[in-house]
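A short write-up of the structure that comes next.
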Amino acid sequence: MPTSSSASTPAATANRPEFLISYLKSEQQGEVKLKTLREVKNQIIGNRTKKISYIKLGAVPKIVEILASAHDSDLSILVQSAATIGSFACGVDAGVKAVLDSGAFPHLIRLLSHSDDKVVDAGARSLKMIFQSKLAPKYDFHKDENMTFLLSLLNSENENVTELGASIITHSCETSGEQKALCEAGTLRRLVMLLEGSLNQREASLDSLAAIIKNNPEVISKFVGLDSGRALKSVTELMKDRYPRTRLLASVCLIVIGRTSPCYLQDIGLRTKLIMLLIELLEEPGRVGDEVPFALAGLIADNEDLQKLAFEVNALDKLCNFLHRDMILAKQLEGLLLAIAELCSRLEICRERFLSLQALKLVTSTLTHDCAEVRTAACICMQSVTRSVKNLSAGHFLTDTMVTPLVQLLHGPPISLQVAALKTISNVVVNFTNRKSIFIQCGGLKELVQLSKSMDSTLRLNSVWALRNLMFLTENSNKERILLELTASTLTSLICDPEPFVQEQALALVRNLVDGGINSIEHVFIEGGVVVNAVGRQVRSASKSEVCIQGMYVFSNISTGSELHKEAVMHQLLPEADGGAQSVIMKFLQCSDNQLRVATIWCVVNLTYPGSPGSSARVTRLRDYGIISQVKSMVNDPCLDAKVVIVHVLKSIHHSSCIISVLRTIIQHVVLQFRVKTVLEQCTVFSDAAA
Amino acid sequence: MPVRVVESSAPSQVSGASTGHALPPACTLLSVGQAFAGTQNVSSVQKDEAWKVNVRIQGCDLDHGYLCGTMEALNVPLADTPVVTFWEGEVVDTKNYTFFTGKWEATPEDDIRHWSKFPSFVPLLSQVEVDGGKSVDLSSYPYIFMRWKEQYFVNVGIDCGLTIAGFYYVCFSCVDGIIHGYYYDPNSSPFQKLELKSSNEGRSGFSFSSYQLQ
């Protein structure tokens, strides 16, 4: 029957939160309090809005007060107050916070030793709710009394209490020290026993087993060895359980084992079954469906064989089909994007398939999703897909539709999202067509330059990385625009950044800047040569090979320019006065890093390149520093690349007839080595066969 | 580089992968950004003809035996502008790919016939005849053998009157940066020779740019 919206019936008024809270006051009769607790509990179960509204009205401290002051014999009050507290803590962080702030924790713990099973059940359930939240206090497993208490929980006859014990482990076990302590205390054996218990015990046990063995080969080997391998067998068997969540949790346990100790997950049949099972579970509603893509992503991460296997059983098509659905919750969408990202991370065949499924448009649209985690996952997914050089070359990624939302994400926060967007942009701007200006025009360059000045070193690293790739093989007009925006002074600061990774990318950026002829090289000599001087300082003083390699390629590229450019490089790389000081060229030629030797020899090749008027004078100076004889002594360098570059140096400093003879010797030497090796291998095969 | 259409053919998708040896040597002259210039001989019975060709390496992933880039044919008679194609290369590393093509209408006999055109292949011939070279260790060999297959036209439509149905048997010399290749397409003139030299693009030395995907 319709009623007036302004009028409330007496019953409705009595059930309003403000009204009910007044009944929770301690002076009320026990019966009234009990009825009120029941009413509040019934109203808030599964109703987030109601929970929040009661929390705001201060209901939680009042209920905790009732629990604290209740006598051990007030069974109903104890049960109802504990259950109501648990309900507040269930699934709502604000509820957990209110419960913890009200000091409920010790009172709930007290209930675990009550003589009445119902009271114990209520206390254990509420504590379990609390431990399912990230806000729950961390349990210290290293305290003897805590470990004893935890074992008593796990060994309890009461199902809810054992589940609580498992939940505490799942929530608090993080470090390898904690994993070891739990393993040594015998929890593994007890948790494996619980796998044969009720559904809830099984699931709680699988969850905590995963927490104890995660990334810990020592504990995994103990777990696998338990009861002659029966523990592992039990978990494997649970992959066939009738309950989807149990199947998922068993899979997660096996994934954790396989990732840390792949030897236990070698069976191709089992690996295929795992992938098939996870794909099948994708269709499950609720929590299972939400969590499955994360498990799949974890399984195939960094493992090309498993990615291939997943691709062969159509995992990519199925994941992409989900993206076409209308109502996908943020959590599941995030997982789907991360699983697709893993699938496309290494295999070009997956990227091709992803693009043919028209999924790029869908992923691009999630770059503007409300949830930051989804936006980050979308970036990570696009980062994998944009590793396709074939499509980069075709200019498929550098479009307004893709670049504009990515650039928007650079504004942040959070930093993790900015970093994910930067990594994708780094790939997208490696464009071989003349479209780099699209990125510059939509404001991308400005944002990258801003982020290269960030206080956060990860943001600096990734923005400079993107600038380096943007600079790769771009036309001189774009180089000018980049340098104008970045300025010589910021570039100099980046070359001298406190972080070697940033230095390396900044030098690689300069390397690309000066690749492209005299006009390009001139850019590093502006403003009194601050940039080239910074490169020189870094090459002379850096301790990381990666930094020196990029620095030497900068000088190598500059040395392809005019006489002035070549002389400027000589000035940077040879000591001013001949006071016996070793030149940095000599140091690098004698170092053990193949790539650094190769970069250095290329620099010498270019400094002595025939046809330049000053070449012979430079050869003389390099000879004076012992560099030419060092190069000559390297014709048998163990690195083939270094060896062949030396041919080019010799070509520059000797007559061509002489070089042809050297060249012939080197080729003959290498081919002879190869033949001897082949003969020896064949001899081994024959002797093996004879044996 | 595209050639004139005679008859189109669709390549099969058989993989030539096998497990085994260390990868071929990394070579700076064959790294991303590097340019090569030379000619392709497209002579037929009727007339002698050679097209100028420029190549630029755009991607290199030796772990997967993968190389790619563009090929620009400059004086193609039927085209108004230079014709650019994108190609993908299979590096014969005996891990990802062997000397046997196993697709693109190339039989092992076709393979041996083409590879044998390279003098640097001769020392490997006997072993390759046995198993495609699966047991050969090329990690310190100063030549890199590849197959380059053009995938699409970059700047003209597929109706340009040219075909990219065939593929190249390629040999790169690490020592001097010279590339030799032979185009193979059962429907085109046999053994069209590709000759390319590492190009410094008018600079007074060798310049190296680089990018890194994330």
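First to last, the protein sequences are chains A and B.
Start counting the first sequence at 0; every next residue gets the next number (numbering that gives the first Met the number 0).
Start counting the second sequence at 0; every next residue gets the next number (numbering that gives the first Met the number 0).
Ideal placement from N, C-alpha and C gives every residue a C-beta, glycine not left out.
Is it buried or exposed for residue i, if we count other Cβ within 10 angstroms and need 16 for buried?
i      : result
I54/A  : buried
C262/A : exposed
E202/A : buried
M401/A : buried
E58/B  : According to the sequence provided, residue 58/B is Gly. The question's Glu does not apply to it. Buried, because 16 or more other Cβ atoms sit within 10 Å of the Cβ of G58/B.
F222/A : buried
G201/B : exposed
Y210/B : buried
F554/A : buried
L563/A : exposed
V312/A : exposed
V95/A  : buried
E87/B  : buried
A210/A : buried
T191/B : The amino acid at residue 191/B is misidentified as Thr; the sequence shows Gln. So Q191/B counts as buried.
N154/A : exposed
Round the Cβ separation of residue i and residue j to the nearest angstrom and send it over; I've been treating them as touching at under 8 Å.
i      : j      : result
A465/A : V428/A : 6 Å
D640/A : C170/B : Not really, about 17 Å apart at Cβ, beyond 8 Å.
V218/A : K179/A : 7 Å
F471/A : N532/A : So it is not a contact: roughly 24 Å between Cβ atoms.
A36/B  : L195/B : 6 Å
L28/B  : S197/B : 5 Å
P574/A : S561/A : Not quite, the Cβ-Cβ distance comes to about 23 Å (not below 8 Å), so this is no contact.
Rounding to the nearest angstrom, what Cα-Cα distance links residue i and residue j in this structure?
i      : j      : result
T245/A : D92/B  : 45 Å
E290/A : K330/A : 8 Å
A296/A : I43/A  : 36 Å
P284/A : I327/A : 11 Å
T385/A : L337/A : 15 Å
S260/A : S591/A : 33 Å
L595/A : K543/A : 10 Å
K445/A : F130/A : 46 Å
E372/A : V530/A : 39 Å
V91/A  : R47/A  : 7 Å
L315/A : R352/A : 8 Å
G610/A : S203/B : 8 Å
S691/A : E347/A : Chain A is shown only over 0 to 690; residue 691/A falls outside these bounds and no answer can be derived.
L66/A  : S114/A : 16 Å
L212/B : Q382/A : 9 Å
P105/A : R270/A : 45 Å
L366/A : G334/A : 15 Å
S101/A : A69/A  : 16 Å
L485/A : V463/A : 10 Å
G550/A : A598/A : 9 Å
S540/A : Y142/B : 37 Å
I177/B : T375/A : 45 Å
P404/A : D143/A : 54 Å
I379/A : K389/A : 19 Å
R324/A : E279/A : 17 Å
Going by alpha carbons, who is nearest to residue i out of the options?
i      : options                        : result
G45/A  : K631/A, L66/A, S75/A, G85/A    : G85/A
I525/A : F554/A, V546/A, T491/A         : T491/A
D130/B : E71/B, A34/B, I111/B, R55/B    : I111/B
R189/A : H170/A, C172/A, P216/A, A230/A : A230/A
A309/A : F293/A, C349/A, G288/A         : C349/A
A105/B : F35/B, L29/B, Y182/B, L137/B   : Y182/B
Q440/A : L469/A, A393/A, M454/A         : L469/A
K650/A : P637/A, Y608/A, C638/A         : Y608/A
D399/A : A419/A, I424/A, T375/A         : I424/A
F85/B  : F166/B, K94/B, A78/B, G180/B   : F166/B
P16/A  : K137/A, V39/A, V251/A          : V39/A
K46/B  : F117/B, I163/B, S188/B         : S188/B
### Message
Which runs of the beta strand (DSSP E) at least 3 residues long sit entirely within the stretch 135-171 of chain B? Give them in chain order.
### Response
142-152
### Message
Going residue by residue through the stretch 28-112 of chain B, where are the continuous beta strand (DSSP E) segments of at least 3 residues, counting only ones entirely within it?
### Response
34-40, 49-60, 65-72, 82-90
### Start-end ranges of the alpha helix (DSSP H) lying completely within the stretch 197-255 of chain A, minimum 4 residues
Restricted to the stretch 197-255 of chain A, the alpha helix (DSSP H) segments that are unbroken, complete and at least 4 residues in length are 198-212, 216-224, 229-236, listed in chain order.
### Message
Threshold first: 3 residues or longer. Then list the beta strand (DSSP E) segments lying entirely within the stretch 538-575 of chain A, N to C.
### Response
DSSP runs (the beta strand (DSSP E)) wholly in the stretch 538-575 of chain A: none.
#### Entry: Contiguous alpha helix (DSSP H) assignments of at least 4 residues, all confined to the stretch 70-123 of chain A
74-88, 92-100, 103-110
### alpha helix (DSSP H) segments (min. 4 residues) lying fully within the stretch 287-338 of chain A
303-311, 314-322
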